[in-house]
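Numbering (full-length UniProt numbering), first residue to last: 1 to 323.
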C-alpha cells in the first residue's frame, strides 16, 4: 500500500510539473505555432495570431486545473474507503483487570470503576498499571469523554492526547495550530519541546492521516498540537509508545519545564518505571485496586549542550542516550 501510494504521488507530481512547464513555455509554443503556420499557409494576419494566443491561454488554464482535480478525487476516494472500513468494524469485548468485564458500546453502563483520589491544581501526575486495568478509561473520565456517577471532568480547558494520533490532511503547521491564531514564538518553542527539528518543511502536507510521516513524527506532531492549545489541564495517554527511546528523556525534560512555567496541570500515562521519580503524584493500578503515591519529585535538568543527549538529575545520576 505504501509503495502504491508513493507511486501515485510521483505520478501526480510529474503531471503537475509537466503542466507547469507547458504553462511557462507559452511564448516558445506560440512562436513554434507561428512558424509552422507560416510554413504551411504562407502569410498570416494579425487577427489569426491574436485568436491563436487567446485559444491557447484558455486551454492552458483548463489543463492547469487537472492536477488539483485528480488530487481532490484521490482524497475523496481515500476518505470514502476509510469511512466504509470504520463502519464495517465490529465492536470488541474487552476484559478489564480488576473490574467487572464489560464491552464498549455506544453507552457504557454495565461496569463500575471506583476512583478515590485528590488532585490539586498544577499537579504533575503519572498513571501506571498493567494493560487493560482502566488507565485510559480514567483519563477519558478526566477529559469528560465518559459518563460517570460524579462529574470527574477537571476543567473546560483540557487538551487530550490519545494513543492513536489523528492528523488532518493539512500542513504540519496547520495540524499543530489546529485553528488557533498563529504565534511564531510559541510555535518555535513547542517544536523544540517535541523535537520536531527532523521535519525540515513544516509546510509539508499530511497525506491520508499521516501515511507520509513516521509513527514517532505523528506522535510528536499530536503532542505539539496539545501543547500549542495552552490549556489548564494536559492529559497524555502513553505519548512515548511510538517515540524513539533516545528522545524520550529530552522531551520529558522540556515538557515538565513547559507545564511548570505555564502552571498547567499534567496527568499522563507512562510505562517507563525510571520516569516515576519526576512526578509529584503517581496513581498505580494493581490487579484489584489502585494506590496514590505522593512524593517530592526529582528535578530533571537538561544540559544546554547535549551533543550526546546527556541528562542530569538532582541525585547526580547521568543518563546517556545514544542519538
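By construction, the Cβ of each residue, glycine as well, lies at the ideal position given by its N, Cα and C atoms.
Exposure label - residue i; buried when at least 16 CB within 10 Å
| i | result |
| --- | --- |
| residue 210 | buried |
| residue 217 | buried |
| residue 317 | Because the pLDDT at residue 317 is just 34, under 50, the model does not fix this residue reliably, and the value given afterwards should be weighed accordingly. Exposed: under 16 other Cβ atoms inside 10 Å. |
| residue 243 | buried |
| residue 191 | buried |
| residue 197 | exposed |
| residue 156 | exposed |
| residue 214 | exposed |
| residue 237 | buried |
| residue 128 | buried |
| residue 21 | exposed |
| residue 76 | exposed |
| residue 181 | exposed |
Cβ-based neighbour list, residue i, same chain, cut-off 8 Å, excluding 5 preceding and 5 following
| i | result |
| --- | --- |
| residue 186 | 228, 230 |
Rounded straight-line distance, which links the Cα of residue j to that of residue i
| i | j | result |
| --- | --- | --- |
| residue 226 | residue 7 | 33 Å |
| residue 297 | residue 183 | 32 Å |
| residue 88 | residue 79 | 14 Å |
| residue 260 | residue 131 | 29 Å |
| residue 17 | residue 73 | 19 Å |
| residue 254 | residue 69 | 43 Å |
| residue 14 | residue 171 | 21 Å |
| residue 158 | residue 279 | 19 Å |
| residue 285 | residue 143 | 19 Å |
| residue 86 | residue 212 | 21 Å |
| residue 188 | residue 222 | 15 Å |
Own chain, CB closer than 7 Å to residue i, minus 5 neighbours either side, in chain order
| i | result |
| --- | --- |
| residue 195 | 220, 247, 250, 251 |
Within-8 Å CB hit, residue i to chain B
| i | result |
| --- | --- |
| residue 254 | The structure shown contains no chain B; it is built from a single protein chain. |
* the region 251–271 contacting the region 120–140, beta-carbon criterion three pairs below 8 Å -> Contact holds: three or more Cβ-Cβ distances are below 8 Å.
* Asked: Taking one C-beta from the region 163–176 and one from the region 205–225 each time, how about it: are there three or more such pairs within less than 8 Å?
  -> Counting Cβ pairs under 8 Å, three or more are found: they touch.
* Asked: Just checking, does the region 175–185 make contact with the region 233–248 on the three C-beta pairs under 8 Å criterion?
  -> The answer is no - the region 233–248 does not touch the region 175–185, with fewer than three Cβ pairs under 8 Å.
* **Entirely enclosed beta strand (DSSP E) segments - the region 128–169, minimum 3 residues** => Taking 3 residues as the shortest admissible run, the region 128–169 contains the following complete beta strand (DSSP E) segments, listed from N- to C-terminal end: 158–161.
* 3 or more residues per run - each beta strand (DSSP E) lying fully within the region 250–294 -> Secondary structure remark: continuous beta strand (DSSP E) runs of at least 3 residues inside the region 250–294, in chain order: 265–269, 281–285, 290–294.
* Asked: Can you list the alpha helix (DSSP H) stretches of 4 or more residues lying completely in the region 201–240, in chain order?
  -> If only complete runs of 4 or more residues are kept, the region 201–240 shows the alpha helix (DSSP H) at 215–228, in order along the chain.
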